[in-house]
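Q: Structure below; questions to follow.
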Amino acid sequence: MATGTRERIIDAALGLFVERGVAATPVTAIEAAAGLSAGSGGFYRHFPDKDALLAAVVERELVRVRKDPDTRQASTGGPITDGLAARLRSDLTFLADLRPLIAILMWERGRAPQVAETVQKMMMDRGVEMGVADLLFGDPTPLVAEDPAAAAAVMQSAMIGYFVAADYFGVPPAGVDARRFTDTLAKLLTRHPGRESA
């Protein structure tokens with residue numbers, strides 16, 4: 004039963020932290036949302052404090068959405084540019100899955116450096132590593148081949164920027180839909196039919 008209660012506390016905290024942030028969420032609200040008697044101390048049987056709960060929430064979310072390179076969308080069998088564009092569209096779906104974690108990180112910016120460091124290592128740094136692999140596996144442009152890590156960081160930043168803008172405003176930037184955006188980004192990063200070699 005303890006595992007069930009712990010998971011209910013994590014579920015409740017996830018929703019409340021997304022809505023209010025950690026600092027503005029009292030333990031009693033977490034207990035009530037988890038179906039415990041508010042103020043009963045049930046929370047403290049599972050977590051010493053809200054920082055430990057935040058770490059557990061983030062860890063569970065990272066496990067839930069973890070990208071496995073072996074399960075990424077396979078090549079389309081067509082041009083390399085099309086395969087990269089398809090993987091980029093898959094990455095936009097991945098970012099949507101991260102929405103609750105992104106919201107919590109925005110609330111906690113500067114307040115939970117250990118959480119930010121964990122997310123940076125597991126998501127940002129790993130994302131650049133996977134991006135380098137994607138770019139070098141294909142037929143990169145000369146600029147990408149010259150500095151693949153920088154190119155992967157540009158690719159990752161473009162993807163996050165596009166996602167956040169579309170999510171925040173409710174419409175894609177300049178009316179450019181996800182397919183058009185990812186197709187264009189892939190063409191900028193790889194050689195493709197019709198582009199002269201530089």
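Under the working numbering, the first residue of the sequence shown is numbered 4, with each subsequent residue one higher. Here a beta-carbon is modelled for each residue, glycine too, at the ideal position from N, C-alpha and C.
Measuring alpha carbon to alpha carbon, tell me which of D150, E62, D94, I83 ends up nearest I13.
A: For the purposes of this step, residue 13 is identified with residue 10 of the sequence shown, where counting begins at 1. With distances taken between Cα atoms, I13 lies closest to E62.
Q: Among all the DSSP beta bridges, which residues are the ones paired with P143?
A: For the purposes of this step, residue 143 is identified with residue 140 of the sequence shown, where counting begins at 1. According to DSSP, which records beta bridges pairwise, P143 is partnered with T193.
Q: Report yes if the C-beta of R129 is less than 6 Å from at least one heavy atom of the ligand GDP; otherwise report no.
A: This structure lacks the ligand GDP; in fact it carries no ligand of any kind.
Q: Taking C-alpha atoms, which residue in A41, R48, A27 lies nearest to G7?
A: Start at 1 with the first residue of the sequence shown, and residue 7 comes out as number 4. When each option's Cα is compared against that of G7, the closest is R48.
Q: Report the option in A89, S93, I105 whose CA atom is closest to the CA atom of V21.
A: Walking along the sequence shown from the start, residue 21 turns up at place 18. Looking at the Cα atoms, I105 is the closest of the given residues.
Q: CB A189 to CB T84, shorter than 7 Å?
A: Within the sequence shown, the letter at position 186 stands for residue 189. Within the sequence shown, the letter at position 81 stands for residue 84. Against a cut-off of 7 Å, the Cβ pair of T84 and A189 comes out as a contact.
Q: Using CA atoms only, rank isn't needed, just tell me which of L98, M109, L139 is closest to F166.
A: For the purposes of this step, residue 166 is taken as residue 163 along the sequence shown, with counting starting at 1. It is L98.
Q: Comparing C-alpha positions only, which one of V30, E132, L101, L192 sits nearest to G141?
A: The sequence position of residue 141 within the sequence shown is 138, counting from 1. Ranked by Cα distance from G141, the options V30, E132, L101, L192 are led by L192.
Q: Just how far apart, CA to CA, sit L138 and P151?
A: The residue given as residue 138 occupies position 135 in the sequence shown. The residue given as residue 151 occupies position 148 in the sequence shown. Each residue's alpha carbon lies about 7 Å from the other.
Q: Kindly provide the ranges of any alpha helix (DSSP H) runs that are 4 or more residues long and lie completely inside the stretch 89 to 134, ordered along the chain.
A: Counting only runs of 4 or more, we get 102 to 110, 116 to 122.
Q: Cα separation between A26 and M158?
A: Locating residue 26 in the sequence shown gives position 23, where the first residue counts as 1. Locating residue 158 in the sequence shown gives position 155, where the first residue counts as 1. Going from the Cα of A26 to the Cα of M158 covers about 34 Å.
Q: By Cβ distance, which residues of its chain are closer than 7 Å to A32, with the 5 residues on each side in sequence left out?
A: Sequence index remark: in the sequence shown, residue 32 carries index 29 (1-based). Correct list, in chain order: L19.
Q: Which whole-angstrom value is the C-beta distance of A59 and V118, which I expect to be below 8 Å?
A: Numbered from 1 along the sequence shown, position 56 holds the residue referred to as residue 59. Numbered from 1 along the sequence shown, position 115 holds the residue referred to as residue 118. About 11 Å; that fails the 8 Å criterion.
Q: Distance, Cα to Cα, A35 vs E10?
A: Indexing the sequence shown from 1 puts residue 35 at position 32. Indexing the sequence shown from 1 puts residue 10 at position 7. About 14 Å.
Q: Are the CB atoms of A155 and V122 nearer to each other than 7 Å?
A: Your numbering for residue 155 matches position 152 in the sequence shown. Your numbering for residue 122 matches position 119 in the sequence shown. Result no, Cβ atoms of A155 and V122 do not sit closer than 7 Å.
Q: With a CB to CB cut of under 7 Å and the five nearest residues on each side skipped, what residues in its chain are close to L91?
A: Stepping through the sequence shown from its first residue, residue 91 is reached at position 88. Only M162, T185, L188, A189 meet the Cβ criterion.
Q: Considering only their Cβ atoms, is the gap separating M125 from L56 smaller than 7 Å?
A: Within the sequence shown, numbered from 1, the residue matching residue 56 stands at position 53. Within the sequence shown, numbered from 1, the residue matching residue 125 stands at position 122. Not in contact: L56 and M125 (Cβ atoms no closer than 7 Å).
Q: Report the rounded CA-to-CA distance for M133 versus R183, giving the unit in angstroms.
A: If you number the sequence shown from 1, residue 133 lands on position 130. If you number the sequence shown from 1, residue 183 lands on position 180. About 22 Å.
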